[in-house]
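These notes concern the structure reproduced below.
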């Protein structure tokens with residue numbers, strides 16, 4: 015199925031925390047950027063303020079660190095634009111306000127394809143991941159019709175239809191992408207998140223094993239898997 019997938023000119027990833035995108039789909043995005051020049055935008059919903067076990071680190075310090083790390087990780091694969099919505103880590107709720115924020119980002123950056131968390135993923139225990147997936151999908155639907163959040167449509171901003179969605183972190187994939195040429199970039203991006211993965215022994219080897227294991231289903235040397243949805 016991936017052989018017939020048209021690589022988009024513009025893609026966006028909408029996700030809960032700095033580093034979610036790098037575990038979930040950075041290998042695929044790195045490959046698209048390198049081979050097709052895809053313009054990629056990251057929309058990070060929370061600042062990851064609670065992602066530390068160090069009692070001396072404040073939420074404000076953590077937020078600054080994680081935003082800096084996410085920029086470095088994105089730049090390692092060639093991401094062009096970053097949007098940081100700045101919500102509180104661990105406190106996301108599925109609200110109309112958040113849907114409107116995501117809708118506006120989609121309308122402003124006009125992606126052809128959107129990546130987000132799979133909100134239906136079995137045993138997904140992190141509430142932020144569930145909410146990020148729902149808000150990403152809800153934002154995609156809202157962005158396409160002019161009567162959703164019409165107050166946004168001023169100063170030339172127009173509604174925008176996203177035709178394809180790829181859900182990462184899924185247990186029900188129906189498409190795989192070969193990342194054998196970009197797995198090193200994926201690992202480099204992940205290593206930029208020093209506050210999260212720094213000092214983990216054998217980290218790169220585990221990531222390579224994960225990519226190889228994922229690819230084995232379709233006899234690929236290394237892959238990322240997604241639930242692919244086409245929207246009418």
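Residue numbers (our numbering): 15 to 246. Ideal Cβ placement from N, Cα and C applies to all residues, glycine included. Quantities reported herein were computed from a predicted structural model and do not represent experimental measurements.
Please state the DSSP three-state secondary structure of residue 20. Mapped onto the chain shown, residue 20 falls at position 6. If DSSP states are grouped into helix, strand and coil, residue 20 belongs with coil.
Cβ-Cβ separation, residue 237 to residue 192 (assumed contact under 8 angstroms), whole Å: Position 178 of the chain shown, counted from the start, is the residue given in the question as residue 192. Position 223 of the chain shown, counted from the start, is the residue given in the question as residue 237. Indeed they touch by this definition, with Cβ atoms about 6 angstroms apart.
Whole alpha helix (DSSP H) elements within the region 66-90, 4-residue minimum: none
Among 94, 108 and 33, whose alpha-carbon lies nearest the alpha-carbon of residue 208? Mapped onto the chain shown, residue 208 falls at position 194. That would be 33, whose Cα lies nearest to the Cα of residue 208.
Per DSSP, which one or two residues make a beta bridge with residue 242? Here residue 242 is taken as the residue at index 228 of the chain shown, counted from 1. Answer by DSSP bridge pairing, in chain order: 180.
Residues in the same chain with beta-carbon distance under 8 angstroms from residue 56, minus the five sequence neighbours each way, listed in chain order, please. Position 42 of the chain shown holds residue 56. Only 26, 27, 29, 35, 84, 88, 93, 95, 96 and 97 meet the Cβ criterion.
Range of the contiguous beta strand (DSSP E) that encloses residue 190: The residue labelled residue 190 in the question sits at position 176 within the chain shown. Run containing residue 190: 189-192, per the beta strand (DSSP E) assignment.
I'd like to confirm the pairing. Which residues does DSSP put opposite residue 58 in its beta bridges? To locate residue 58, count along the chain shown from 1; it is residue 44. DSSP, once it has assigned bridges, lists 29 and 98 as partnering residue 58.
Does the Cβ-Cβ distance between residue 128 and residue 54 come in under 7 angstroms? Position 114 of the chain shown, counted from the first residue, corresponds to residue 128. Position 40 of the chain shown, counted from the first residue, corresponds to residue 54. No, they are not a contact pair.
Touch test, the region 64-83 against the region 134-143, Cβ-Cβ under 8 angstroms, three pairs minimum: no
Does residue 131 come out as helix, strand or coil in the three-state DSSP assignment? Taking the chain shown and counting its residues from 1, the one referred to as residue 131 is at position 117. Strand, per DSSP.
Nearest to residue 166 (by Cα), restricted to the options 116, 220, 200 and 31: Against the chain shown, residue 166 aligns to sequence position 152. The residue with the shortest Cα to Cα distance from residue 166 is 116.
Where does residue 157 sit, in a helix, a strand or coil, going by DSSP? Locating residue 157 in the chain shown gives position 143, counting from the first residue. In this structure, residue 157 counts as helix in the three-state DSSP scheme.
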